[in-house]
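Per the working numbering, numbering of the sequence shown is gapless, rising by one per residue and ending at 305.
Even glycine gets a Cβ: it sits at the ideal position worked out from N, Cα and C.
Only a predicted model underlies this, so the values are computations on that prediction, with no experimental measurement involved.
Presented below is the structure to which this report refers.
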Amino acid sequence: MGLSNGPSGGVGDGLVVGAHGRDVVVETAERRRLLCHRRGKKTECVVGDRVHWQPAGDGGVIEAVLPRTSLLWREDRWRSKSFAANLDRLLVLVAGDPPLAESLLARALVAAAHAGIDAQVVLNKIDLPQADAARARLEPYRRADVPVHEVSVARDGAAARNALMPLLHGRTTLLLGASGVGKSTLINLLVPDAAAQVGEISRALNAGRHTTTTTSWYWLDAEHRSAVLDSPGVQSFGLQQIEAAQLASLMPDLARHVPHCRFANCTHRSEPACAVQAAAASGEVEASRLQIYRELFEELSQPRW
Ligand SMILES: Nc1nc2c(ncn2[C@@H]2O[C@H](COP(=O)(O)OP(=O)(O)O)[C@@H](O)[C@H]2O)c(=O)[nH]1
Ligand SMILES: [Mg+2]
Ligand SMILES: [Zn+2]
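Written as structure tokens, this is what we have:
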């Protein structure tokens with residue numbers, strides 16, 4: 001599938017499968033790929049966006065970005081970064097080695113809840129002894145009804161495929177995980193021509209170097225119905241887009257206790273008759289989760305400038 005011009009004349013529909021700055025790779029309705037440019041703020045678009053484009057020169061120009069069903073992004077003090085638009089699902093990949101980055105996991109789940117995206121966890125490397133510790137730390141998430149799938153991508157690829165393919169079928173899924181958890185190994189297992197797929201997009205964007213900073217798009221099937229998106233190693237995950245007062249409602253294990261706090265505006269830190277703190281004291285809410293809540297609340301309460 002090479003880069004090509006669209007039909008001369010009319011406006012086309014397309015899907016953004018790569019983006020860097022003002023350069024956007026659009027897959028047309030006929031499954032051809034076209035390098036488009038966007039003109040200004042009005043047509044700012046990210047991977048996953050549906051767009052209208054118009055032929056221009058050798059490529060195209062983005063005319064309009066269609067309304068999104070979702071947008072997942074992270075925002076820290078200085079900048080915000082979009083992962084992708086129109087996602088159906090977030091899969092957070094974790095492992096026992098490197099040790100489970102619980103703060104990253106918790107943040108990703110909060111961001112997904114805020115964006116209205118289904119989120120599930122995949123514990124990889126269950127062949128390693130360190131998997132036991134990770135499994136134990138995932139227990140509060142299981143109890144909060146976050147599905148946790150266990151795989152060993154490198155040691156039992158067939159079982160991993162069988163476990164994960166049904167989750168990906170017919171959807172657009174973002175794969176997120178700290179560096180070293182096995183994202184690339186998993187992509188290569190699920191997408192045999194992954195290198196060719198990402199190569200075509202990065203050549204179009206004229207930059208191998210960009211592949212490490214932008215979200216990559218992979219089709220899982222010839223019909224282009226199931227896609228998995230790989231986001232470059234995420235170290236920090238700012239949640240400045242979220243109000244501190246909203247936070248507890250986005251953490252399902254805490255949220256179920258919130259209606260029982262005495263004060264409607266309870267922040268669950270030191271107020272009397274706080275049902276969240278009571279649940280933590282009784283062990284119903286994991287201490288680590290209340291701790292993460294407090295750290296995030298503090299962070300989101302800082303003045304913004
Ligand atoms: N033991 C074990 N190692 C794995 C497994 N999956 C991936 N790895 C290894 O973990 C390391 C990091 O994997 P990689 O896919 O590059 O991680 P990424 O940084 O998330 O893309 C590599 O050495 C892989 O071979 C697994 O299921 N079990
Ligand atoms: Mg990798
Ligand atoms: Zn409370």
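message = Under 8 Å, with one C-beta from each stretch per pair, do the segment 223 to 234 and the segment 165 to 184 reach the 3-pair mark?
response = Short answer: they touch.
**Message:** With DSSP as the reference, identify every bridge partner of Ser80, one or two as the case may be.
**Reply:** On the sequence shown, position 80 is the one that residue 80 refers to. BP columns for Ser80 point to Glu75.
So the candidates are Pro192, Gly59, Thr267 and Gly96; which of them puts its Cα closest to the Cα of Ala204? Position 204 of the sequence shown, counted from the first residue, corresponds to residue 204. Measuring from the Cα of Ala204, the nearest candidate turns out to be Gly59.
Limits of the unbroken alpha helix (DSSP H) element including His114
As a first step, residue 114 must be located in the sequence shown, where it is residue number 114. Looking at the DSSP string, the run of the alpha helix (DSSP H) that includes His114 is Glu102 to Ala115.
For Ala29 and Ser179, I'd like the C-alpha separation in whole angstroms.
As a first step, residue 29 is located in the sequence shown; it is residue number 29 there, counting from the start. As a first step, residue 179 is located in the sequence shown; it is residue number 179 there, counting from the start. The straight-line gap from Cα to Cα measures roughly 34 Å.
Problem - Opening and closing residue of the beta strand (DSSP E) in which Leu250 lies - result: Here residue 250 corresponds to residue number 250 of the sequence shown, with the count starting at 1. Leu250 -> no beta strand (DSSP E), and no H or E assigned at all.
Could you tell me the boundaries of the beta strand (DSSP E) in which Ile216 lies? Here the question's residue 216 lines up with position 216 in the sequence shown. The displayed chain sequence assigns Ser, not Ile, to residue 216. Segment Ser216 to Trp219, the beta strand (DSSP E) holding Ser216.
Taking all protein chains shown into account, decide if Asn124 is buried (16 or more other Cβ within 10 angstroms of its Cβ) or exposed.
-> Here the question's residue 124 lines up with position 124 in the sequence shown. Buried, since its Cβ has 16 or more Cβ neighbours within 10 Å.
Relative to the alpha-carbon of Gly14, which residue among Glu75, Val46 and Glu271 has its alpha-carbon at the smallest distance? Looking up residue 14 in the sequence shown gives position 14. For Gly14, the nearest C-alpha among the options comes from Val46.
In this structure, does DSSP put Arg50 in helix, strand or coil?
Start at 1 with the first residue of the sequence shown, and residue 50 comes out as number 50. In the three-state scheme derived from DSSP, where H, G and I count as helix and E and B as strand, Arg50 is classed as strand.
Exercise. Can you say whether Glu139 is buried or exposed, counting buried as having 16 or more other CB atoms within 10 angstroms of its CB?
Key: Numbered from 1 along the sequence shown, position 139 holds the residue referred to as residue 139. So Glu139 ends up on the exposed side.
query: So which of Ala154, His52, Thr214 and Gly96 has the shortest CA-CA distance to Trp186?
result: Taking the first residue of the sequence shown as position 1, residue 186 is located at position 186. The amino acid occupying residue 186 in the given sequence is Leu; Trp does not appear at that position. Nearest C-alpha to Leu186: Ala154.
Less than 7 Å separating the Cβ of Glu284 from some heavy atom of ligand 3?
Within the sequence shown, residue 284 is the residue found at index 284, counting from 1. Outside the cutoff, so no.
| What do you reckon, is the C-beta of Lys125 under 7 Å from a heavy atom of ligand 2? | Numbered from 1 along the sequence shown, position 125 holds the residue referred to as residue 125. False, no ligand heavy atom lies under 7 Å from that Cβ.
- Query: Would Glu299 count as contacting chain C if we go by Cβ distances under 8 Å?
  - Reply: This model lacks chain C altogether; it includes just one protein chain.
#### Entry: Opposing strand residues paired with Gly21 [DSSP bridges]
Here residue 21 is taken as the residue at index 21 of the sequence shown, counted from 1. Paired residues: none, contrary to the question.
Requested in this report: Along the beta strand (DSSP E) that carries Gln277, what are the first and last residues, could you check?
Outcome: Here the question's residue 277 lines up with position 277 in the sequence shown. Membership of Gln277 in any beta strand (DSSP E) is not indicated; the residue belongs instead to the alpha helix (DSSP H) covering Ala275 to Ala281.
Closer than 6 Å is what we want: which residues have a beta carbon that near any heavy atom of ligand 2? List them in chain order.
-> Lys183 and Ser184
Verify the contact flag: Val307, CB atom, against every heavy atom of ligand 1, threshold strictly below 7 Å.
The displayed coordinates of the chain run from 1 to 305. Any statement about residue 307 would go beyond what the structure contains.
**Any non-hydrogen atom of ligand 3 closer than 7 Å to Gln246 Cβ** = Your numbering for residue 246 matches position 246 in the sequence shown. No, the beta carbon of Gln246 sits no closer than 7 Å to any heavy atom of ligand 3.
Less than 6 Å between C-beta atoms, sequence neighbours within five positions excluded: which residues of the same chain meet that for Asp49? Here residue 49 corresponds to residue number 49 of the sequence shown, with the count starting at 1. So the qualifying residues of the chain are Val16, Val65 and Ala85.
Segment limits, alpha helix (DSSP H) that includes Arg143
The residue labelled residue 143 in the question sits at position 143 within the sequence shown. Looking at the DSSP string, the run of the alpha helix (DSSP H) that includes Arg143 is Ala131 to Arg143.
For ligand 1, is there a heavy atom less than 7 Å away from the beta-carbon of Arg161? In the sequence shown, the residue the question calls residue 161 occupies position 161. Result no, Cβ not under 7 Å from ligand 1.
* Compare the C-alpha of Val24 against each of Arg32, Cys36 and Arg31 and name the closest. => Position 24 of the sequence shown, counted from the first residue, corresponds to residue 24. Here the closest residue by C-alpha is Cys36.
### Query
DSSP on Ile62, reduced to helix/strand/coil?
Counting from 1 along the sequence shown, the entry for residue 62 is found at position 62. Strand, per DSSP.
- Task: Tell me where the beta strand (DSSP E) around Leu172 begins and ends.
- Result: In the sequence shown, the residue the question calls residue 172 occupies position 172. What sits at residue 172 in the sequence shown is Thr, not Leu. Counting along the chain, the beta strand (DSSP E) containing Thr172 begins and ends at Thr172 to Gly177.
ask   = Arg155: beta carbon under 7 Å from a heavy atom of ligand 1?
value = Counting from 1 along the sequence shown, the entry for residue 155 is found at position 155. At least one heavy atom of ligand 1 is nearer than 7 Å to the Cβ of Arg155, so yes.
| Span of the alpha helix (DSSP H) holding Thr290? | Locating residue 290 in the sequence shown gives position 290, counting from the first residue. Checking the sequence, you will find Leu at residue 290 rather than Thr. Start and end: Ala287 to Ser301.
(request) Give a single yes or no on whether Leu34 has its beta carbon closer than 7 Å to a heavy atom of ligand 1. (result) Translated into the one-based positions of the sequence shown, residue 34 becomes position 34. Incorrect: Leu34 has no Cβ contact closer than 7 Å to ligand 1.
Quiz item: Which value, in whole angstroms, describes the spacing of the CA atoms of Ala255 and Leu72?
Solution: Within the sequence shown, the letter at position 255 stands for residue 255. Within the sequence shown, the letter at position 72 stands for residue 72. Rounded to whole angstroms, Ala255 to Leu72 spans 21 Å at the Cα level.
Practice prompt. Taking only heavy atoms of ligand 3 into account, decide whether any of them is closer than 7 Å to the Cβ of His52.
Written response: What you label residue 52 is simply residue 52 of the sequence shown in a count that begins at 1. Shortest gap from the CB of His52 to any heavy atom of ligand 3: 7 Å or more.
Q: Please classify His224: does DSSP put it in a helix, a strand, or coil?
A: Within the sequence shown, residue 224 is the residue found at index 224, counting from 1. Here His224 sits in coil by DSSP.
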